[in-house]
């Protein structure tokens with residue numbers, strides 16, 4: 375299994391500002407993902423963070439709003455830009471383990487509140 | 385395309401009673417199926433997974449699930465609920481022939497355990 379840490383664990387931010395969330399994995403992984411979990415909702419995939427190339431975004435998410443970096447095989451950042459109260463969510467980093475079943479592991483999440 | 389339906393957004397059981405959380409999936413190819421648990425203020429933890437081996441899958445904390453192709457179901461059960469089982473449970477599906485990013489989550493079931 376993979377151990378994933380995220381920073382910060384929570385934050386309260388003002389409308390119009392940006393927050394960068396860090397994800398660190400204890401081993402090299404090929405695939406890293408960012409998910410959003412809005413209050414009382416399930417998880418929605420934002421994007422796949424690709425090492426050495428641009429992230430792949432899902433429908434409804436754009437790079438200008440959620441820029442992602444992946445400088446190496448153990449680290450990624452997600453920035454939530456120009457925040458509004460609608461961005462208040464838990465943001466989770468996830469990685470895929472080895473093996474045919476593509477078991478996914480999740481970080482503890484970053485709880486973001488935008489006021 | 386694939387999807388997951390979790391019947392019952394909230395389930396309450398008494399301590400010591402059977403836990404049954406329902407999950408039905410839709411997938412055009414044989415699926416990989418997962419159950420995750422999310423404790424308050426934490427990330428997601430993998431409970432168990434089905435990857436086309438045994439149809440009855442045993443997971444952590446005494447949970448198990450049975451893959452029933454004819455019913456397109458993957459219900460989660462535990463013979464005797466503990467107070468510590470109170471959490472949100474998510475069923476997820478991935479196509480066995482798709483890329484890892486195609487992990488689709490259900491809407492979640494909040495389990496309450498009554499003393």
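Protein chains in written order, with my numbering: chain A, 375 to 489; chain B, 385 to 499.
Positions of the beta carbon are idealized from the N, C-alpha and C atoms, including for glycine.
Predicted, not measured: the structure shown is a model, and the values here were computed from it.
Query                                                                                                                                                                            : Result
Find the nearest neighbour of residue 499 of chain B within the set B:393, B:400, B:421 and B:390, judged by alpha-carbon distance.                                              : B:400
Contact between the segment 438-453 of chain B and the segment 462-474 of chain B: three or more CB pairs below 8 Å?                                                             : yes
Quick check on this structure: which residue in B:432, B:449 and B:433 has the alpha carbon closest to the alpha carbon of residue 440 of chain B?                               : B:449
Just to make sure I have the definition right: I need the residues of chain A whose C-beta is within less than 8 Å of the C-beta of residue 412 of chain B. Which are they?      : Those within 8 Å of residue 412 of chain B in chain A number zero; the least Cβ separation is about 18 Å.
Less than 8 Å between CB atoms is the rule here; does residue 386 of chain B satisfy it with respect to chain A?                                                                 : no
Near residue 456 of chain B, which residues of its chain fall below 7 Å by C-beta distance, leaving aside the five closest residues on each side in sequence?                    : 408, 409 and 410
If distances are taken between C-alpha atoms only, which option among A:429, A:486, A:468 and A:381 comes closest to residue 375 of chain A?                                     : A:468
Within 8 Å (strictly less), CB to CB, does residue 401 of chain A reach chain B?                                                                                                 : no
Checking the sheet assignment: what are the DSSP bridge partners for residue 449 of chain A?                                                                                     : A:398 and A:446
Using beta carbons (cut-off 8 Å, strictly below), is residue 458 of chain B in contact with chain A?                                                                             : no
Any beta-carbon of chain B closer than 8 Å to the one on residue 449 of chain A?                                                                                                 : no
Return the Cβ separation of residue 449 of chain A and residue 398 of chain A in integer angstroms, given the expectation that the two are a contact with Cβ distance under 8 Å. : 6 Å
Pull up the DSSP beta-bridge partners for residue 505 of chain B, would you.                                                                                                     : Chain B is shown from 385 up to 499; residue 505 of chain B falls before or after that span and cannot be answered.
Going by DSSP in three states, residue 405 of chain A sits in which element: helix, strand or coil?                                                                              : coil
For residue 487 of chain B, which option in B:416, B:424 and B:392 has the closest C-alpha, if you only look at C-alpha atoms?                                                   : B:416
Grouping DSSP H, G and I as helix and E and B as strand, with all else coil, what is residue 455 of chain B?                                                                     : coil
Mind checking if residue 435 of chain A is an interface residue toward chain B, Cβ cutoff 8 Å exclusive?                                                                         : no
Using the Cα positions of residue 461 of chain A and residue 478 of chain A, report the straight-line distance between them to the nearest angstrom.                             : 24 Å
Do residue 316 of chain A and residue 383 of chain A have their C-beta atoms within less than 8 Å of each other?                                                                 : Only positions 375 to 489 of chain A appear in the structure, and residue 316 of chain A is not among them; the question remains open.
What does DSSP give as the partner residue(s) for residue 408 of chain B in the beta ladder?                                                                                     : B:389 and B:457
Return the CA-CA distance between residue 453 of chain B and residue 439 of chain A, expressed in angstroms with no decimal places.                                              : 41 Å
Is residue 446 of chain B close to chain A, meaning its C-beta is less than 8 Å from at least one C-beta of that chain?                                                          : no
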